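Protein sequences, first through last, are from chains A and B.
Numbered according to this note's numbering, the first sequence terminates at residue 419, and the numbering increases by one at each position without gaps.
Numbered according to this note's numbering, the second sequence terminates at residue 419, and the numbering increases by one at each position without gaps.
Glycine residues also receive a C-beta, built at the ideal position from the N, C-alpha and C atoms.
All figures in this text were calculated on a predicted structure; none of them were measured in a lab.
Presented below is the structure to which this report refers.
2 protein chains.
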Amino acid sequence: MKKVKHLQCIRCGKTYPADPGTYTCTECGAKAGILDVVYDYDYIAKNYSKEYFANNKEYSIWRYEPFLPTDPAGPKPKLRVGWSPLYKTDRLAEIIGLETLYMKDDGQNPTASLKDRASAVAVAKAAEEKAPLIACSSTGNAASSLAGNAASLGIKTCIFVPGRAPAGKVAQLRIFGANVISVQGSYSDAFKLSAAAIEKYGWYNRNAAINPYLVEGKKTVTIEVCEQLNWEVPDWVVFSVGDGCTIAGAWKGFVDLYKAGFINKLPKVAGVQAEGCAPITKAFHSNQPLEPAEENTLADSIAVGVPRNGEKALRAVRQSGGTYINVSDEEILAAMRLLGNTSGIFGEPAGVAGLAGLKKLVAEGIIDKKETVVCAVTGNGLKDVNNAIKAAGEPIKVSPDVNELWDVLENIPGLLS
Amino acid sequence: MKKVKHLQCIRCGKTYPADPGTYTCTECGAKAGILDVVYDYDYIAKNYSKEYFANNKEYSIWRYEPFLPTDPAGPKPKLRVGWSPLYKTDRLAEIIGLETLYMKDDGQNPTASLKDRASAVAVAKAAEEKAPLIACSSTGNAASSLAGNAASLGIKTCIFVPGRAPAGKVAQLRIFGANVISVQGSYSDAFKLSAAAIEKYGWYNRNAAINPYLVEGKKTVTIEVCEQLNWEVPDWVVFSVGDGCTIAGAWKGFVDLYKAGFINKLPKVAGVQAEGCAPITKAFHSNQPLEPAEENTLADSIAVGVPRNGEKALRAVRQSGGTYINVSDEEILAAMRLLGNTSGIFGEPAGVAGLAGLKKLVAEGIIDKKETVVCAVTGNGLKDVNNAIKAAGEPIKVSPDVNELWDVLENIPGLLS
């Protein structure tokens, strides 16, 4: 492919041809030697323009194939991934003290999370290589997105989830026909077992940090944001952070557009972690290496004690001039209510952690009220109904009796006024 | 509005101006006198063309505003409703014995069901009338779509659900800030209480059969199908049926396009009900009036013992030359697995009842294998996780121990072959 130059180790800079089976840098090892996909930006700039995109009727991530490491003639999963809505949320903006806020609702993807972007690219690459089975470990969303996208092409999957994965995500996996191994331990335990099985059986590896192509799928979220804003770049983008792959992808989207001349500035990137599991925030502010953390948060998708892409996540935020912040579980639940009440968007806990962090960043004056902000909702709240009820409470129960009803209605504050 | 001529009673033919507060025919009464919106099709044909739509970049139901009863300059809810994906599902087609099958995945709407189409129009009409509060009763999806769309515009809601409404739908309502009354009884009980409260307090009424504008929102699903098929009309469309509003809307979409000259034939329409609650199928095949039925099915969204729009639903299928068929709960659960496994689409039980029925209609020779079929998935499976697990089973549990893992993997049929 003319558009892809090579893969390059983010630690030592060594380059590798973009061939099947190349996952990590052989010099730096599987943990540290994560590879970046390097494109021929001159080639892209010469062959594609803003007008090309304006006339493109493919409203999915594949409209950005000029920026993707896939063969344009190769097989693609059938699900419509990407081109999620970008909402200008004025009432929400006012409440948290901003003039201009956009929410990017990536819970609107086919399997209801941003991870569909990564999995669609992984499945396309696996299909190019004619892989018979794809494996991964995941806190849930990567898993269900892989299972759904693979099912649409009839490719088998074997998926490792930690025992705590919420019911909605496990149900998706089973309906999509995945072989699901529920590891009775932490996400790290699930990751280790998946790595052992992938090595033993030679399966295609969708583990996000290891496979260099997944960040490429994720970056479509910010490429899309730029096009939806008519190639204007916001001052800040805010993402929740677990493994670190999503925020790294978000940053790469801007960098690729900048290098190919589609945008002329870069935003600041803010990463938000849960207080109960914040190894990247800690490393960022202490300037120390990443240390394993416990996984104590109800935001399961970002409960990652040993982030597999922590280095890319740190580098992205540092390069952008942004920052990291933590939020409590209570702040996350409050953000679920706030987002739903003001905007009709239902995010899962990890999906709204970004908004909870944004609220604090504005309150602390780190983000100014005049700055334009885009905040991502990374997954749909339907995936984790128990925590939604925890956030918003049970409904009022009434017998089929009008007199009981009048009593109840007259006691709901604000209803009849 | 030039495009809307008037409202017309489907029973006696009496016409009414399309004014605020007009819900049903005063002569035939609230139960029987359901009103249809009648457009000026000459006006539409003169002012809009296929080319107009080809150049329209509004990818939501509002692209079809020429066919909608709303004021183009009026307020609209902010959520992106409609333009859901239409998938050509070849592997699924082959398994059930068809050559050409499309699945319309309406679970991809913002609150994850087709009902968003109706609620978006209801909220737009309520906002035109400056209504401070919208009320409805619902088995769940109409409720959550109303709550989400209303929240996006800051309009209050009061919503009546039967006690059996699944957790996912109730969680959505609460997160969207709705006042939720859980009626400890049947859907009919919830409907009656909502009607009493709407009358007493003068609230805007979103109850689907009563409010003539909701079917108009629903019809966008088939207008979209026609445009997505490049204005080719399928031989059959298949929908699951509860209250009868959705199938009536699906038919109206084709009729409106036909009358305005956008298509030159009409499809046959098949309605699918659950065996445990099939009053419309019974009335259709017996040629007798509708009789109340019990509500014995796990497909909660179509468990409607007293359909509020049964007459329109019967009329639509009869006019089209189609038919009604019933499916068992087991057939519904099997359809959930089949759809997920072959296509990566996750539908709720009522959402896949159409597919279960289609499978039977093909097996019985009522639909020929050479006929082109579009089948709707009306809601996302994440809304009802318990039934998904019932359909697809629990995952395999493993301790964090590789030796236990090897034993497990080697015993999964087909995994390592």
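Roughly how many angstroms separate the alpha carbons of leucine 292 of chain B and glutamate 313 of chain B, rounded to a whole number? Walking along the second sequence from the start, residue 292 of chain B turns up at place 290. Walking along the second sequence from the start, residue 313 of chain B turns up at place 311. Leucine 292 of chain B and glutamate 313 of chain B: Cα-Cα distance of roughly 8 angstroms.
With 8 angstroms set as the bound, which would you pick, yes or no: does the beta-carbon of cysteine 138 of chain B sit closer than that to a beta-carbon of chain A? Here residue 138 of chain B refers to the residue found at position 136 of the second sequence. By this cut-off, cysteine 138 of chain B is not an interface position.
Classify tyrosine 215 of chain B as helix, strand or coil using the three-state DSSP reduction. Counting from one through the second sequence, the residue named residue 215 of chain B turns up at place 213. Tyrosine 215 of chain B falls in the coil class under three-state DSSP.
So glycine 187 of chain B contacts chain A; which residues on that side make the cut at Cβ distance below 7 angstroms? Here residue 187 of chain B refers to the residue found at position 185 of the second sequence. Result: Pro402.
Less than 8 angstroms between the CB atoms is what I'm expecting for cysteine 279 of chain B and alanine 262 of chain B, so what's the real figure, rounded? Within the second sequence, numbered from 1, the residue matching residue 279 of chain B stands at position 277. Within the second sequence, numbered from 1, the residue matching residue 262 of chain B stands at position 260. With a Cβ gap of about 36 angstroms, cysteine 279 of chain B and alanine 262 of chain B do not count as contacting.
Using a Cβ-Cβ cutoff of less than 8 angstroms, which residues in the same chain neighbour asparagine 58 of chain B once the five nearest sequence positions on both sides are dropped? Translated into positions along the second sequence, residue 58 of chain B becomes position 56. Excluding positions up to five away in sequence, the list reads Arg65.
Proximity test, Cβ basis, 8 angstroms: lysine 361 of chain A and chain B: Reading the first sequence from its first residue, position 359 is the one you call residue 361 of chain A. Output row for lysine 361 of chain A: interface = no.
Assigned secondary structure, alanine 167 of chain B (DSSP; H/G/I helix, E/B strand, else coil): Against the second sequence, residue 167 of chain B aligns to sequence position 165. If DSSP states are grouped into helix, strand and coil, alanine 167 of chain B belongs with coil.
Please report the distance separating the alpha-carbon of threonine 159 of chain A from that of glutamine 321 of chain B. As a first step, residue 159 of chain A must be located in the first sequence, where it is residue number 157. As a first step, residue 321 of chain B must be located in the second sequence, where it is residue number 319. Each residue's alpha carbon lies about 46 angstroms from the other.
Please confirm whether glycine 416 of chain A and asparagine 311 of chain A have their CB atoms less than 8 angstroms apart. Taking the first residue of the first sequence as 1, we reach residue 416 of chain A at position 414. Taking the first residue of the first sequence as 1, we reach residue 311 of chain A at position 309. Not a contact, by the Cβ cut-off of 8 angstroms.
Between the C-alpha atoms of glutamate 1 of chain B and glycine 150 of chain A, what's the straight-line distance to the nearest angstrom? It is not possible to answer for residue 1 of chain B, since the shown part of chain B is limited to 3 through 419.
Straight-line CA distance for glycine 31 of chain A to isoleucine 12 of chain A? For the purposes of this step, residue 31 of chain A is identified with residue 29 of the first sequence, where counting begins at 1. For the purposes of this step, residue 12 of chain A is identified with residue 10 of the first sequence, where counting begins at 1. Whole-angstrom Cα-Cα distance: 12 angstroms.
Going straight from the alpha carbon of alanine 301 of chain B to that of alanine 336 of chain B, what length do you get? Numbered from 1 along the second sequence, position 299 holds the residue referred to as residue 301 of chain B. Numbered from 1 along the second sequence, position 334 holds the residue referred to as residue 336 of chain B. If you take the alpha carbons of alanine 301 of chain B and alanine 336 of chain B, they lie about 13 angstroms apart.
How big is the Cα-Cα spacing for leucine 316 of chain A and tyrosine 104 of chain B? As a first step, residue 316 of chain A must be located in the first sequence, where it is residue number 314. As a first step, residue 104 of chain B must be located in the second sequence, where it is residue number 102. Their Cα atoms are separated by approximately 45 angstroms.
Just the C-alpha distance for valine 243 of chain B and threonine 141 of chain A, rounded to the nearest angstrom, thanks. Walking along the second sequence from the start, residue 243 of chain B turns up at place 241. Walking along the first sequence from the start, residue 141 of chain A turns up at place 139. Taking the straight line from one Cα to the other gives about 37 angstroms.
What separation, rounded to the nearest whole angstrom, lies between the Cα atoms of glycine 179 of chain A and isoleucine 391 of chain B? What you label residue 179 of chain A is simply residue 177 of the first sequence in a count that begins at 1. What you label residue 391 of chain B is simply residue 389 of the second sequence in a count that begins at 1. For glycine 179 of chain A and isoleucine 391 of chain B, the distance between alpha carbons rounds to 12 angstroms.
At a cut of 8 angstroms, does the stretch 110 to 121 of chain A reach the stretch 76 to 94 of chain A through at least three beta carbon pairs? Yes, the stretch 110 to 121 of chain A is in contact with the stretch 76 to 94 of chain A.
Just mark lysine 132 of chain B as buried or exposed, buried being the case when its beta carbon has 16 or more other beta carbons within 10 Å. Numbered from 1 along the second sequence, position 130 holds the residue referred to as residue 132 of chain B. Answer is exposed; the Cβ neighbour count stays below 16.
Span of the beta strand (DSSP E), counted from its first residue to its last, around leucine 195 of chain B: As a first step, residue 195 of chain B must be located in the second sequence, where it is residue number 193. Per DSSP, leucine 195 of chain B belongs to no beta strand (DSSP E); it is in the alpha helix (DSSP H), 189 to 203.
Suppose only complete runs of 3+ residues qualify. What are the beta strand (DSSP E) ranges in the stretch 296 to 331 of chain A, listed by chain order? As far as the stretch 296 to 331 of chain A is concerned, its whole beta strand (DSSP E) runs of at least 3 residues are 325 to 329.
From what residue to what residue does the beta strand (DSSP E) around leucine 103 of chain B run? As a first step, residue 103 of chain B is located in the second sequence; it is residue number 101 there, counting from the start. Looking at the DSSP string, the run of the beta strand (DSSP E) that includes leucine 103 of chain B is 102 to 107.
Counting pairs of beta carbons, one from the stretch 197 to 211 of chain A and one from the stretch 401 to 419 of chain B, are three or more of them closer than 8 angstroms? yes
Step through the CB atoms of chain B and report whether any lies within less than 8 angstroms of the CB of proline 397 of chain A. Residue mapping note: residue 397 of chain A aligns to position 395 of the first sequence, counting from 1. Among the residues facing chain B, proline 397 of chain A is included, as its CB has a counterpart in that chain under 8 angstroms away.
Quick one: what's got a C-beta closer than 6 angstroms to glutamate 130 of chain A's C-beta in the same chain, skipping five residues either side? Along the first sequence, read from residue 1 onward, the residue named residue 130 of chain A stands at position 128. Answer for glutamate 130 of chain A: Asp73, Gly76, listed in chain order.
For histidine 287 of chain A, the residue or residues it bridges with in DSSP: In the first sequence, counting from the first residue as 1, residue 287 of chain A sits at position 285. DSSP output for histidine 287 of chain A lists no bridge partner at all.
Residues bridged to phenylalanine 241 of chain A by DSSP? Here residue 241 of chain A refers to the residue found at position 239 of the first sequence. Per DSSP, A:Gly273.
In chain order, what residues of the same chain lie with their CB nearer than 7 angstroms to the CB of lysine 372 of chain B, ignoring the 5 residues before and after it? The residue you call residue 372 of chain B lines up with position 370 of the second sequence. So the list reads Glu101, once near-sequence residues are dropped.
Would you mind telling me which residues of chain B sit closer than 8 angstroms to serine 51 of chain A, beta carbon to beta carbon, in chain order? Position 49 of the first sequence holds residue 51 of chain A. Those within 8 angstroms of serine 51 of chain A in chain B number zero; the least Cβ separation is about 18 angstroms.
For the stretch 347 to 361 of chain B against the stretch 375 to 389 of chain B, are there 3 or more C-beta pairs whose distance is under 8 angstroms? yes
When the cut-off is 8 angstroms and only beta carbons count, does serine 121 of chain A lie next to chain B? Position 119 of the first sequence holds residue 121 of chain A. No, because no Cβ of chain B sits closer than 8 angstroms to the Cβ of serine 121 of chain A.
Name, please, each residue of chain B whose Cβ falls closer than 8 angstroms to the Cβ of aspartate 191 of chain A. One-based indexing of the first sequence puts residue 191 of chain A at position 189. Ordered by position in chain B, the residues that pass the 8 angstroms Cβ test against aspartate 191 of chain A are Pro402.
Contact set between serine 421 of chain B and chain A, taken where Cβ atoms lie within less than 7 angstroms: Any property of residue 421 of chain B remains undetermined from this structure, which presents chain B solely from 3 to 419.
Grouping DSSP H, G and I as helix and E and B as strand, with all else coil, what is leucine 418 of chain B? Working through the second sequence from its first residue, we reach residue 418 of chain B at position 416. Three-state DSSP puts leucine 418 of chain B in coil, outside helix and strand.
Where DSSP assigns a beta bridge to alanine 378 of chain A, which residues make up the other side? Taking the first residue of the first sequence as position 1, residue 378 of chain A is located at position 376. A:Lys106.
Which stretch, first to last residue, makes up the beta strand (DSSP E) that contains serine 147 of chain A? Position 145 of the first sequence, counted from the start, is the residue given in the question as residue 147 of chain A. That residue, serine 147 of chain A, is in no beta strand (DSSP E); its alpha helix (DSSP H) goes 143 to 153.
Using a 10 Å radius around the Cβ and a threshold of 16 neighbouring Cβ atoms, would you call isoleucine 369 of chain B buried or exposed? Residue 369 of chain B sits at position 367 when you count from the first residue of the second sequence. Buried.
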